[in-house]
Structure formats: C-alpha cells, structure tokens
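Residue numbers (the working numbering): 173 to 419.
No residue lacks a Cβ here, since even glycine has one placed at the ideal position from N, Cα and C.
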Ligand code: ADP
C-alpha cells in the first residue's frame with residue numbers, strides 16, 4: 173500500500189500547502205553526541221521539508237534518531253552541522269536565549285511522559301508558557317487556557333492537579349499547553365507511547381483535529397498503526413531517512 177502511495181504521490185505534487193513553501197526545512201543536518209570514549213552519530217545528513225498544514229509521522233525503531241530529530245527542530249538541542257529553518261527562523265544559528273524566545277512563539281512540543289509541573293493545577297500548567305512569553309494579560313491567559321482545555325475535552329478538570337488525572341487526560345493537558353501561544357508548528361515525541369491503545373487512539377484524534385484546523389504537525393513514533401491515519405510518513409533508521417516520502 174505504501175509503495176503505491178510513494179509512486180502516486182511522487183508523480184505530481186500540486187498540494188496547496190506546497191505553494192506557501194516549507195514551514196520546516198532541514199538541510200544536511202548532522203548530530204553527533206561526543207562522549208569521552210566514542211562518538212555517536214545520531215543523524216547522518218537529514219534533508220527534509222514539511223509544508224504548512226502537513227501532518228507528518230516520523231517512524232523508526234528505538235535508537236533510530238527520532239527524539240534527536242524532534243529536539244533539533246524544536247531548538248531544544250543544536251545540530252553539529254547543517255541548517256534548520258522553522259517558521260521563518262534559522263534555528264541552527266540562534267543562541268540559547270534566542271532559541272527559547274523563538275520556541276515560545278513558534279513551536280509547541282508534546283513529550284511521551286507529559287512533563288507537566290506536578291505542583292501547578294491543570295489550568296496553571298497551560299498558562300505557564302503564556303506567562304513565560306509575556307503574552308496576554310492574566311485574564312486573557314485564563315480565558316485562553318480554558319478555551320484550550322475545552323478544545324481538548326478536559327475543561328471541567330481545570331482546577332485539579334495533574335496527578336488526579338489519567339495518562340490520556342495528562343497528555344491532553346500537555347497538548348493544550350503546547351498550543352498556549354498559538355504556535356503554527358506542533359512537535360510530538362512518542363505522544364501516545366505511554367498510553368493504552370484506546371487512549372492512544374483518542375489522543376491521536378486530537379492531533380488529527382488540530383491538523384484539520386491548520387497546524388503543522390510532526391510526530392515521532394514507533395507505532396506503525398499510525399501509518400494508516402496520515403498522508404505522509406518518513407522512515408528513520410540509524411540516523412538516516414530510509415524510504416521515500418509520501419504525500
Ligand atoms: P529514538 O528517539 O529513535 O529512540 P534517539 O534520538 O533517542 O533515537 O537516539 C539516537 C541515537 O543517539 C541512539 O544511538 C542513542 O543511543 C544516541 N543518543 C541519544 N541521545 C544521546 C546522548 N545524550 N548522548 C549520547 N548518545 C545519545
């Protein structure tokens with residue numbers, strides 16, 4: 173099925189999202205982790221373009237380089253060499269402060285283990301990025317956080333602590349937090365990896381709805397079931413893109 177899609181989609185590419193140019197663009201991206209004893213080359217010259225509004229799944233086994241890829245695109249980490257442009261910024265050229273400020277505006281990140289702050293309530297977790305970015309008045313932050321929690325279906329739990337919530341609910345909080353500053357790009361690293369399959373399906377559906385609303389989404393996963401739900405998948409193995417891409 174995928175081979176067929178490669179051919180069909182590779183033949184002519186007139187997708188509307190392509191007209192605006194890529195919102196994520198990687199050119200010859202290399203990432204080495206240098207240890208005392210040895211150096212691991214986690215990414216070996218990645219070229220990638222993602223158009224605005226695309227939903228792309230990055231598939232690969234453990235150790236393939238998926239987390240590294242997400243961390244470089246989000247500016248959490250820096251490439252050893254190569255260029256990364258996301259939402260108009262040359263991320264590879266920004267210093268740490270510049271990357272943090274850019275990330276606050278331009279990308280939302282969702283992790284496998286939610287990374288919520290346990291001492292803050294659900295709504296406070298969602299308000300935090302707005303506070304960091306000095307976006308919106310306090311009242312607007314609250315209104316916006318409630319709107320986002322409503323969007324992901326957990327508004328009634330706003331005043332609870334994350335620990336009172338299930339895994340699926342905690343991931344919904346994390347998605348609402350990632351959307352806090354209305355970034356055009358959402359990055360997710362195994363966002364369904366610690367959820368049972370029914371909950372994983374529901375959480376995946378939240379991402380699908382966000383894609384329909386125009387967010388650009390890049391999601392790393394090792395779950396091949398996700399393949400049939402997206403138009404485009406990229407296969408990573410040993411730090412390289414191993415198969416053609418689908419569109
Ligand atoms: P995946 O997310 O697909 O499991 P990773 O990006 O986590 O892959 O890892 C890719 C490779 O880089 C693996 O060989 C891993 O051991 C190595 N690696 C990842 N992070 C580090 C690090 N901080 N230091 C050294 N090696 C690392």
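Item, Value
"Top-ranked residue by Cα proximity to residue 235, from 212, 246, 195, 229", "212"
"Integer-rounded CB distance, given that residue 336 should sit under 8 Å from residue 229", "Not really, about 31 Å apart at Cβ, beyond 8 Å."
"Cβ-Cβ distance between residue 223 and residue 371 below 9 Å", "no"
"Contact test: residue 332 Cβ vs the ligand ADP heavy atom, cutoff 8 Å", "no"
"Identity of the residues DSSP links to residue 404 by a beta bridge", "228"
"Straight-line Cα distance separating residue 374 from residue 380", "10 Å"
"heavy atom of the ligand ADP below 8 Å from residue 209 C-beta", "no"
"beta-carbon residue 234 near the ligand ADP non-hydrogen atom, thresh 8 Å", "yes"
"Local conformation of residue 175 per DSSP, three classes", "Caution applies to residue 175, whose pLDDT of 37 falls short of 50 and renders its modelled position unreliable; the model cannot decide the point."
"Residue 395 Cβ short of 8 Å to the ligand MN heavy atom set", "The ligand MN is not among the ligands present in this structure, which contains only the ligand ADP."
"Residue from 352, 368, 413 with nearest C-alpha to residue 280", "352"
"Backbone CA spacing between residue 292 and residue 403 [nearest angstrom]", "37 Å"
"Helix, strand or coil at residue 398 [DSSP, three-state]", "helix"
"Cut-off 7 Å between Cβ atoms - residues of its own chain near residue 199, not counting five sequence neighbours on either side", "219, 254, 255"
"Burial state of residue 237 (16 or more Cβ within 10 Å)", "buried"
"Residue 241 beta carbon near the ligand ADP (any heavy atom closer than 8 Å)", "yes"
"Identified DSSP bridge partners for residue 391", "229, 360"
"Beta-carbon proximity check, residue 354 vs residue 392, cutoff 9 Å", "no"
"Terminal residues of the beta strand (DSSP E) in which residue 211 lies", "211 to 223"
"For residue 326, the three-state DSSP class (helix, strand or coil)", "coil"
"Every unbroken alpha helix (DSSP H) within the region 267 to 321, with a cutoff of 4 residues, ordered by chain", "268 to 278, 294 to 304"
"Distance between residue 275 and residue 365 (C-alpha atoms, nearest Å)", "24 Å"
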